[in-house]
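Note sheet for the following structure.
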């Protein structure tokens, strides 16, 4: 079918594009579905200076290179919004806002996150022109200039202190009464001691000023209603991030209390065949460099999952004979010795059973499916249905008796 793929990636930011490159290179039929411009939040960054190999690169240009790289391996791109799907079966179903439906055995969720906007005049218009949301990404572009930070949580105060390494002065605008911050106590103490940081209390930003670049902000005192113009060349909004995972609400994929996706070191979610990468996962650092690593890991894990499930279908589910799934680890001598003994027993019985070896050092899905905890282990199957587990004894007669019974 036209809409059948090996791998579907939801999201076209650095994590999704990195996954696409690895998927395409593995000769998987790969589709990337992205609702906006390919590149995600990186498209709002005028210059990146901390991506390995580039002393300075225009954010959209870097993402264009990522996309071209993926397309060179035959990856397809679709501009559409995913609104839901069904992950309950081996073939995952993806549904889009334009009424299209796609299927694949593996899906990578790389839908990213968005800064929570204050939605004041000038904020969206001057985004990337002095309005910023990531100090690690953009602080050094304000060398020797005056910067305003809105927020008082851990992110706002800690990133505000990072900005002081570059800016002449950082003014922090806080909703609360004087001396009250929402961050941890240690960060608050360091911030109050920082000579480059000043605080405006009981206030918020009413407007961002400037034509082509930020020239200042309008500060509103929440108690008096007084409006004051404050000159600056940059303004950082730290009022939270929102992961773009709303469409996963009824999908079966676990989300934490903030909407982020928990994953393991293989980028696996709680659903077999569904992976997540980038800013929408629970993680320590959200940067382009970490997103690309997430995407690469997710794609390789997905490739191995697809290979494992395909092999299981062709060698077991589509086989009319009885099968023995031998779970083993080639680095464990006991596994190798038992495998040799099992083959000898089957040959003595005329080959009624077909042995299918599963190396759990690289293929873990089937081990989880059949609840295998140690190697060697043997599961007896008939037409793909489990009959029983064997006791993996090195006594040839006892082993043969188990198989016959």
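Residue numbers (this note's numbering): 841 to 1245. Note that CB positions come from ideal geometry on N, CA and C, so glycine has one too.
Query	Result
Rounded separation between residue 1151 and residue 899 - CA only	41 Å
CA-to-CA distance, residue 1148 to residue 1180, given in whole angstroms	22 Å
9 Å Cβ cutoff met for residue 913 and residue 873	no
Of the listed residues 870, 930, 894 and 1020, nearest to residue 918 (C-alpha basis)	870
Among 1146, 1154, 1169 and 961, nearest to residue 1163 - alpha-carbon criterion	1154
As assigned by DSSP and simplified to three states, the class of residue 841	Confidence is the limiting factor: at residue 841 the pLDDT is only 46, short of 50, which leaves the residue's position unreliable and the question unanswerable from this model.
Distance between residue 921 and residue 1104 (C-alpha atoms, nearest Å)	26 Å
Residue 1128 to residue 1068 span [Cα, whole Å]	37 Å
Whether residue 858 touches residue 1133 by CB criterion (9 Å)	yes
Alpha-carbon to alpha-carbon, residue 891 and residue 1058	34 Å
6 Å CB neighbourhood of residue 880 in its chain, flanking five on each side removed	853 and 952
Alpha-carbon spacing of residue 883 relative to residue 876, whole angstroms	10 Å
3 or more residues per run - each beta strand (DSSP E) lying fully within the stretch 1012-1074	1037-1040, 1043-1049, 1056-1061 and 1067-1071
Residue 1168 beta carbon less than 9 Å from that of residue 1137	no
Residue interval of the alpha helix (DSSP H) (run including residue 977)	975-978
Contact under 9 Å by Cβ, residue 1217 with residue 1229	yes
Buried/exposed call for residue 945, threshold 16 Cβ in 10 Å	buried
Residue 997 beta carbon less than 9 Å from that of residue 1021	yes
Beta-ladder partner(s) of residue 871, from DSSP	848 and 916
Boundaries of the alpha helix (DSSP H) in which residue 1140 is found, first to last residue	1128-1152
Classification of residue 1056 by the beta-carbon crowding that lies within 10 angstroms, buried from 16 upward	buried
Unbroken alpha helix (DSSP H) run spanning residue 1241, endpoints	1236-1244
First through last residue of the beta strand (DSSP E) which encompasses residue 997	From DSSP, residue 997 is part of no beta strand (DSSP E) but of the alpha helix (DSSP H) over 994-1003.
Whole runs of the alpha helix (DSSP H) within the stretch 1157-1233, excluding any shorter than 4 residues	1173-1188 and 1205-1209
Cβ neighbours of residue 933 in the same chain (closer than 7 Å, five flanking residues each side left out)	925, 926, 941 and 943
Residues of its chain near residue 841, where Cβ-Cβ distance is below 7 Å and the 5 sequence neighbours each way are ignored	Because residue 841 sits at a pLDDT of 46, beneath the cut-off of 50, its placement in the model cannot be relied upon, and the following sentence gives the value as read from the coordinates. The answer is none, since no qualifying residue turns up.
Residue from 848, 930, 1096 and 863 whose Cα sits closest to the Cα of residue 1206	930
Closest residue to residue 993 among 1031, 1193, 895 and 1219 (Cα-Cα distance)	1031
Nearest residue (CA-CA) to residue 1011, options 1035, 1086, 1135 and 1017	1035
Cβ pair residue 1215, residue 1226 closer than 9 Å	no
The beta strand (DSSP E) enclosing residue 1115, as first and last residue numbers	1114-1116
Whole-number beta carbon distance between residue 958 and residue 1246, since they are thought to touch under 8 Å	Because residue 1246 is not part of the residues shown, which for the chain are 841 to 1245, the question remains open.
Beta-ladder partner(s) of residue 928, from DSSP	DSSP lists no partner for residue 928.
Closest by C-alpha distance to residue 984, when choosing among 1003, 1054 and 968	1003
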